[in-house]
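Using the working numbering, the first residue of the sequence shown is number 205, and each one after it goes up by one. All C-beta atoms in this analysis are idealised placements derived from N, C-alpha and C, irrespective of residue type, glycine included.
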Amino acid sequence: MRPSSLLRPVGAAAVAVALLTLTPIAAGAAPGGQPGKPGPRPTASPTSGTGTPVVSWGTVSPATISAGQLATQTITLSGPAPAGGVWVSLYADVVYDTFVGSQVYVPQGRNSVTFPIRLSASVAQTQVRTLYAQAPGQGLVPAGIVTVVPADPSVQGVKDLRFDRRVVIEGQAVTGTVELTAPALAGGLNVDLSPNSAYGGVRVSVPQLVVVPEGATKVSFTVPVYGDGVPNEGNPSASLGATWDSAPVAAVPPAFAVGPGFVRVGSTVTGVVGIGNAPNPDGTRVALSVDLAGVSVPGTVDIPAGSPGAVFPIVGAANLSPAAIGTLTASGNGQTVSRSFVTGY
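This is the structure in structure tokens:
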């Protein structure tokens, strides 16, 4: 596990990234309100202008959960749903989309619906959250309250995030695994994921969360890796409050290429070289060079057998001028390719 004070506060009662903004899941402004803000509470009668039942109230069970746990919400209408049923819109942060989307359906003749919900596992302090809902022709109304308590890292946390491949060709998939420090309790445990992409266009398209089943310590998932034609890497992370881990995945285009196009002054960035779709049954050695004083790379890098590429360090000296331009060159398999880069902080 790689803790970072820049990304996560550390402590038994501290978890990172509190969810403070109420946001409609559906695109655009919420009816009767602005994006990110709940609309006005209704003052009209308990039916819409067309006589359709509206949301009366809601409950959440259990009313208090630890970050990462799931809960169940029940929304109750003012009367039985008419022919065709009633769609109820849901508004909160990233609470519903993994399970039921931005709406739930109340079938004809029923006056309530029950469904699973989740809140972010990255909660910095105890949060009392009011969830909102909305029937057609109705403003947003409170539909349940849940208290989310930070996860105790001495009891449960993220032990490891790993991927089965370090370098892939753009558009290919990788399989990731999240491992916990202890088995998930009853109902399972959800862990937040983030793509945390680098400067370039590489994105490991992880979901917002994965659920570790009850009694298990691991869960795996398979996702695509996207790029923009320049070798680079993304650095996805998995978080359960104060505990987290990250694992980089690099992507290369289908042709011989080297990158990225940025070198950090006084630091090291990850360089990536790729041979694309070229066969590589025995491994390939690639020669590297750079033409800007103060920037250094290893003379060669070995691409493992079966891999489309490899990573290597690019070191920028502390006295390197920002906004300088240089060229990184790679030669291998009878080909030579160059990439311009710029320096900066």
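Residue i and residue j closer than 8 Å at C-beta
i: Val359; j: Val453; result: no
i: Val350; j: Phe466; result: no
i: Ala388; j: Val416; result: yes
i: Thr330; j: Val353; result: yes
i: Pro340; j: Thr447; result: no
i: Ala522; j: Gly470; result: yes
i: Arg322; j: Leu274; result: yes
i: Gly265; j: Thr276; result: The sequence as given places Ser at residue 265; Gly does not occur at that position. Their beta carbons are under 8 Å apart, which means Ser265 touches Thr276 by this criterion.
i: Gln338; j: Tyr295; result: yes
i: Val434; j: Pro464; result: yes
Nearest candidate by alpha-carbon position, reference residue i, set the options
i: Gln312; options: Tyr336, Ala328, Arg333 and Leu281; result: Leu281
i: Gly262; options: Gly272, Ala287 and Ser293; result: Ser293
i: Val473; options: Gly419, Phe516, Ala267 and Tyr309; result: Phe516
i: Ala377; options: Glu383, Val456 and Pro266; result: Val456
i: Gly503; options: Leu532, Pro483, Gly480 and Gly375; result: Leu532
i: Val317; options: Val290, Gly498 and Gln329; result: Val290
i: Val462; options: Arg543, Gly470, Ile507 and Leu365; result: Arg543
i: Ala509; options: Pro483, Gly538, Ala267 and Leu397; result: Pro483
i: Gly498; options: Pro464, Val541, Gly548 and Phe460; result: Gly548
i: Val427; options: Thr379, Leu524, Gly480 and Glu383; result: Thr379
i: Ala574; options: Glu383, Ser511 and Ser525; result: Any answer about residue 574 is impossible in this case: the structure gives the chain only from 205 up to 549.
i: Leu496; options: Ser525, Ile507 and Ser511; result: Ser525
i: Gly405; options: Leu344, Gly520, Gly438 and Pro411; result: Gly438
For residue j and residue i, the rounded distance between their alpha carbons
i: Pro346; j: Pro320; result: 17 Å
i: Thr385; j: Ser450; result: 15 Å
i: Ala390; j: Ile279; result: 24 Å
i: Leu413; j: Gln307; result: 19 Å
i: Pro440; j: Pro399; result: 4 Å
i: Asn436; j: Gly513; result: 11 Å
i: Ile269; j: Gly361; result: 15 Å
i: Glu374; j: Val327; result: 34 Å
i: Lys363; j: Thr256; result: 50 Å
i: Thr540; j: Phe460; result: 8 Å
i: Leu344; j: Leu397; result: 29 Å
i: Asp368; j: Val258; result: 49 Å
i: Gly348; j: Tyr336; result: 7 Å
i: Val507; j: Asp432; result: Note that residue 507 is Ile in the sequence shown, not Val. Straight-line Cα distance between these residues: approximately 21 Å.
i: Gly538; j: Val410; result: 36 Å
Same chain, Cβ closer than 7 Å to residue i, five either side skipped, listed in chain order
i: Gly574; result: Not covered by the structure: residue 574. The range shown for the chain is 205 to 549.
i: Arg314; result: Pro284 and Ala285
i: Val505; result: Val477, Val490, Leu492, Ala514 and Phe516
i: Asp486; result: Ala509
i: Gly520; result: Val467, Arg468, Val469, Gly470, Ser471, Gly498, Val499 and Thr547
i: Ala287; result: Gln312
DSSP-derived helix/strand/coil call for residue i
i: Arg314; result: coil
i: Ser485; result: The displayed chain sequence assigns Pro, not Ser, to residue 485. DSSP places Pro485 in coil when its eight states are reduced to three.
i: Ala267; result: coil
i: Ile507; result: strand
i: Glu418; result: coil
i: Asp396; result: strand
i: Glu437; result: strand
i: Ala233; result: Legend: pLDDT at Ala233 = 26, less than 50; position of this residue unreliable, value from coordinates given subsequently. Reduced to three states, the DSSP call for Ala233 is coil.
i: Arg468; result: strand
i: Phe154; result: Past the edges of the chain, shown from 205 to 549, lies residue 154, and the structure says nothing about it.
i: Ser443; result: strand
i: Ile479; result: coil
i: Gln539; result: strand
i: Tyr549; result: coil
i: Gln342; result: coil
i: Val350; result: strand
i: Gly530; result: strand
i: Asp449; result: strand
i: Val359; result: coil
i: Gly375; result: coil
i: Asp364; result: strand
i: Pro257; result: strand
i: Val382; result: strand
Chain-order list of residues whose beta-carbon lies under 6 Å from that of residue i (same chain, five-residue window excluded)
i: Gly536; result: Thr488 and Val490
i: Tyr430; result: Arg407
i: Ile518; result: Val467, Val473, Gly475 and Val501
i: Arg366; result: Thr381 and Ala451
i: Ser511; result: Val371
i: Phe425; result: Gly380 and Val414
Neighbourhood of residue i by C-beta distance below 8 Å, restricted to the same chain and skipping five residues each side
i: Val494; result: Ser500, Val501, Ile518, Gly530, Thr531, Leu532 and Thr533
i: Pro458; result: Ile373, Glu374, Gly480 and Asn481
i: Ala145; result: Outside the modelled stretch of the chain, which goes from 205 to 549, sits residue 145, for which no answer is possible.
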